[in-house]
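Here is the structure we will look at, set down as structure tokens.
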Amino acid sequence: MKRLNRTIIVFVVLLMAGAASLTTLEQGSSLEIMSNPTNWLIVISAFFLVIAFMATFEALDAMKRMVRGQQGSEASEVEEEESDWVDGLLHKLTDATPVENEEEVETDHEYDGIRELDNNLPPWWLAGFYISIAFAIIYLMRFHVLGTAPLSQEELKIELAEAEAAKEEYLKTAANLVDESNVEALSDESRLLAGADIFMKNCAVCHANDGGGGVGPNLTDPYWIHGNDIKDVFKTVKYGVPAKGMIPWQDQLSASEMQEVASYILTLQGTTPADPKEPQGDLVEEKVEAPAEDSAVDSTATEVVEEAAASL
Amino acid sequence: MHAETFYYDNKIVRNFTIATIIWGVIGLLVGIWVAFSLVFPEMNLTPWLTFGRLRALHTNGAIFAFVGNAIFAGVYYSLPRLLKTPMASKLLSNINFWGWQLIIVSAVATLPFGITGSKEYAELEWPIDIGIALVWVAFGVNMFWTILKRRERHLYVAIWFYIATFVTVTVLHVVNNLELPISAFKSYSIFAGVQDALVQWWYGHNAVAFFLTTPVLGLMYYFVPKAANRPVYSYRLSIVHFWALIFIYIWAGPHHLLYTSLPDWAQSLGTVFSIMLIFPSWGGMINGLLTLRGAWDKVRDSAVLKFFVIAITAYGMSTLEGPLLSLKNINAIAHYTDWIPAHVHIGTLGWNGFMIFGIIYWLMPKMYKTSLFSEKLANAHFWIGTTGILFWALPMYVSGWTQSLMWKEFNPDGTLVYGNFLETVTQLIPLYATRAIGGSLYVVGMLIMVYNVIKTVASGSFQAEEEASAPALAKDWKAPKNDYWHRLIERKPVQLMVFATIAILIGGIVEIVPTIMVKSNIPTIEDVKPYTALELEGRDLYIREACNACHSQMVRPFRSEVARYGEYSKAGEFVYDHPFLWGSKRTGPDLHRVGGKYPHSWHYKHMVQPTSMSAGSIMPTYEWLATNELDTELLSKKLQAMQTLGVPYSDEYIANADAHLMAQAEEIAADLSKDLGQEVSPKEEMVALIAYLQRLGIDIKGEHSEHVKATTAGGTLTAEK
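Right under this line is the structure:
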């Protein structure tokens, strides 16, 4: 009876594990389930869980048997019968000679009091060994003889092609099509604030929190190495200047993020950093703008900087 | 046949047992220190207390000092008793003991000071390597001599494992440590790049196999049936799993190099032989656990058997997990993350540690003719230790999965979600803290054992010589008619050793020889040039500071890595790397494409104070690089050694090496001085390290500075401006 219960519980656990792995599935065929490594992990964890469950029940059972043994055997005949088929299956899998009859398989070896039995190789073990050898042959055939499975470099090509396709598909629908040919400076305060946040996280280590420069050039003065137009700044952020140590950010920031940070950088013009680096590059004449507007931009920038500093 | 009387030497066993306990506690305390230093980077107080240097001390301590001494203790106890003869030579036993302790002390005296060959678990420099080889051979000779003087006709399975261990460790140690000495404390591996990586992981993997597994299986076959007083479950299983295990294990090394620049065929061999290893390994687990059949009631009461049960279960778990980690799709997630240390520590803390504790609790009272001082304390040790393992491993599994998923997550527009590597590190710090606490619990358990052992020793009286008697082997013995075929090998130790040697050589030869001999395995890249003198010195500093303990130099061919680091690494890029520095763990980001990515001044500031450039970084500070003067005394010797190893430096270059070095250093120092607004001397070690970092991974672009062009060119110095 207990063994039957245990088998039922194991099945329930298996079902639950199966259901759990199904919930992670949003689209795709059943084959795709296994191609996702996360699902592999779930299956493996479930496998260990099942083993742990069975071991626990086995231990509990053993303890019960021990207790019963101490109180005098009261095992019911009915229980024995019900578990017969389980025992039969177990015996088929293990082919173990029961402990009571172990002298049947005892060898005449004896080393410092250690005796050796000669139980048969467990059939489940042997079958597993053969299966692993078959796996090895099939694996080598697929990768190196038939060529039906991709080697690592080919795998990368496939992965990149798929990613490129997915990205194009996404960009068709997304309002994210900014690039250096059409980018415009933002004036929306919330987006400038987002730009300030990006600046603090990524740029400030080299250009200082207030844009005054350090490892990288000063961004507040009117001297520019690669141009002060929003398109120029966007391009510098996007592709970097690897020769001079400016990192390309295109793989780490999205186009709209680069637009935000580039716009924010322009708002730093004319602010007074705490520790400005000496000018680098060419002096670029400020565009002529109404003084009132100028100070407005200035104050917005200062506010943004302050807010960003406060939020960090 | 009259019985001869003889005496077993318990003193050597006791000495090794005490050494096991002492070094075990020390080695694991170092582990706790490095674990906490990931949470509190301020703990990297001095150069010799930095994570990279101490990590090597911890791994060497745990493997060779803790497990090593325990193996010797177990072998020196079980071997004579299984052969009914004392160890052949007390002198060799003592050379083995004191020699081994001397090696451990010399590891403590070199590794924290940056004297390292940098190859994992083989870090010790060449003079110590020679010492190891001599002591190991003393052990082997003593063992074989004893076997030849035996009074037991057949060799028990434990001894097969001891023999395989001796033979294989000798081969592995010698081949992986083939290096060209520069000075007493410096050498270069004779292999380079891909080949060096393959040899190293053939060694590294099989150090696990033949130092942490086969000898300990031998101990299991002796101590488990002794402690449980039960017969071994299956003799036939012993035979099959022994030969299958030693033959297959040796092939599996390349699974440490999946998705690297190692040729695909070698990677695939690593994968399939790892999968085929599951059942031979489990054969040992089955034979161990089923030996306890009919003794499960004893397990409830005996701490010794409890330790054995958990140890063997941990062995079974990690030998299933290891092959699964060798599958490419799982390896793609796990490699370079904390999943690997989690896996390793299930093996070392669970399998090795708990086997050793069980043996100590069984052995010490026996040799002191008393009973264990407190079974209760031993049980407390068991439960605290088990909890410690769980607290160690579970957070690291979570950490590994978390970090790997973060590395690989993309936004729909094709950018990385966590483009800044540091974000994936700061996320893990609470898990690192939990791990360090788990490790501390484990050591608390060991300290309880120390107390228990001291009390036991105090209550007993040591029996240095244990009397036994047995008749000598009869000369006119004939094998019974129905003798099982394997019995023949069991009574012929020399043949057994020869067969074992053949079994363990095949895999290594098939994998390593073609990788070295067949040119197409490492496609040449025309643009790859030797390091300049300054860069080579910088590279040696990188090795001294063990940067490769936390930083890999291997961009794998994944979209997530190509996007983060740049072009994936090619085999031909490493042809001048003696030794290779691919690393095995990314606590920090990969550095293979770091060359030219940041300005010199970024590196300078970052090295002096990492948090100044990356807030929240857990990297140690390396401010001494800015104050130490670069020692170029060995420069020409180093270049000549490289030339001997096939790096095409021109003789003119080597002759003018110092001037070349200075020219490049002055250029970098001038740039640094300008950017930093402070005077930077070209003689600082920092300048050399920066030169090396800026060179990494840029050759394939095909643009070389004058300094690089000079390395292979004839003629006189032109670079100076």
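Going down the list, the sequences are from chains L and Z.
Heads up: the first sequence at position 224 corresponds to 224 in the working numbering, and the numbers run straight through without jumps.
Heads up: the second sequence at position 100 corresponds to 1100 in the working numbering, and the numbers run straight through without jumps.
Beta carbons are placed, not taken as given, at the ideal position from N, Cα and C, and that holds for glycine.
Query                                                                                                                              : Result
Three or more C-beta pairs below 8 Å linking the region 1639-1657 of chain Z and the region 1583-1593 of chain Z                   : no
Top-ranked residue by Cα proximity to K1519/Z, from V1575/Z, N1482/Z, M1686/Z and S1560/Z                                          : V1575/Z
Residues of the region 1345-1365 of chain Z with Cβ closer than 9 Å to any Cβ of chain L, in chain order                           : none
Three-state secondary structure (DSSP) of R115/L                                                                                   : strand
Under 9 Å by beta carbon: chain Z residues contacting Y264/L                                                                       : Within 9 Å Cβ-Cβ: nothing; Y264/L doesn't reach chain Z, min ~18 Å.
Own chain partners of L1180/Z with C-beta closer than 7 Å, once the 5 adjacent residues on each side are dropped                   : S1187, Y1188, I1190, A1641, T1644 and L1645
Helix, strand or coil at T1424/Z according to DSSP, with G and I counted as helix                                                  : helix
Sequence ranges, beta strand (DSSP E) only - wholly within the region 1507-1531 of chain Z, length at least 3                      : none
Own chain, CB closer than 8 Å to E26/L, minus 5 neighbours either side, in chain order                                             : In this predicted model, E26/L has a pLDDT of only 42, less than 50, meaning its place in the structure is not dependable; the value taken from the coordinates is given anyway. Excluding residues within five positions, none has a Cβ falling inside 8 Å.
N-terminal and C-terminal residue of the alpha helix (DSSP H) that P1080/Z is part of                                              : G1068 to L1083
Assigned exposure category for I1522/Z - 16 Cβ within 10 Å defines buried                                                          : buried
Contacts around F1113/Z, its chain only, beta-carbon distance under 7 Å, and the 5 residues preceding and following it disregarded : W1048
As assigned by DSSP and simplified to three states, the class of D95/L                                                             : coil
The region 1248-1261 of chain Z touching the region 1192-1207 of chain Z, judged by at least three CB pairs closer than 8 Å        : yes
Any C-beta of chain Z under 7 Å from that of F143/L                                                                                : yes
Cβ contact check for the region 1231-1238 of chain Z and the region 1146-1154 of chain Z: 3 or more pairs under 8 Å                : no
Nearest neighbour of T236/L, chosen from T97/L, A196/L, P123/L and V183/L [CA to CA]                                               : V183/L
Straight-line Cα distance separating R1593/Z from M1662/Z                                                                          : 25 Å
Chain L within 7 Å of S1601/Z, Cβ atoms only                                                                                       : yes
Close beta carbons around L1534/Z, own chain, < 7 Å, minus the five adjacent residues each side                                    : L1661, Q1664, A1665, A1688 and A1691
Residue range of the unbroken alpha helix (DSSP H) whose run includes L160/L                                                       : S152 to T173
C-alpha distance - S1728/Z paired with K1475/Z, whole-angstrom precision                                                           : Nothing about residue 1728/Z can be reported from this structure: the residues present for chain Z run from 1001 to 1721 only.
N-terminal and C-terminal residue of the beta strand (DSSP E) that R1008/Z is part of                                              : Here residue 1008/Z turns out to be Tyr, not Arg, going by the sequence shown. Note, Y1008/Z: beta strand (DSSP E), A1003 to D1009.
Assigned secondary structure, T1165/Z (DSSP; H/G/I helix, E/B strand, else coil)                                                   : helix
Interface flag, R191/L vs chain Z, CB-CB below 7 Å                                                                                 : no
DSSP-derived helix/strand/coil call for P1610/Z                                                                                    : helix
Beta-bridge pairing of W224/L - partner residues as DSSP gives them                                                                : D282/L
Cβ-based contacts, 8 Å cut-off: residues of the region 1663-1676 of chain Z near chain L                                           : D1675
Members of the region 1311-1325 of chain Z near chain L, C-beta cut-off 7 Å                                                        : L1324
Within-7 Å CB hit, R1151/Z to chain L                                                                                              : no
Selected residue, minimal CA-CA separation from P1280/Z, among P248/L, Y130/L and Y170/L                                           : Y130/L
Separation of H1343/Z from L1172/Z, as counted between CA atoms                                                                    : 23 Å
Cβ-Cβ separation, L1292/Z to Y1249/Z (assumed contact under 8 Å), whole Å                                                          : That belief does not hold up - the Cβ atoms of Y1249/Z and L1292/Z are roughly 25 Å apart, past 8 Å.
Exposure of D108/L, with buried meaning 16 or more beta-carbon neighbours within 10 Å                                              : exposed
In chain order, each alpha helix (DSSP H) run of at least 4 residues that lies wholly inside the region 1163-1250 of chain Z       : 1193-1210, 1214-1228 and 1235-1249
For V1398/Z, three-class secondary structure by DSSP                                                                               : helix
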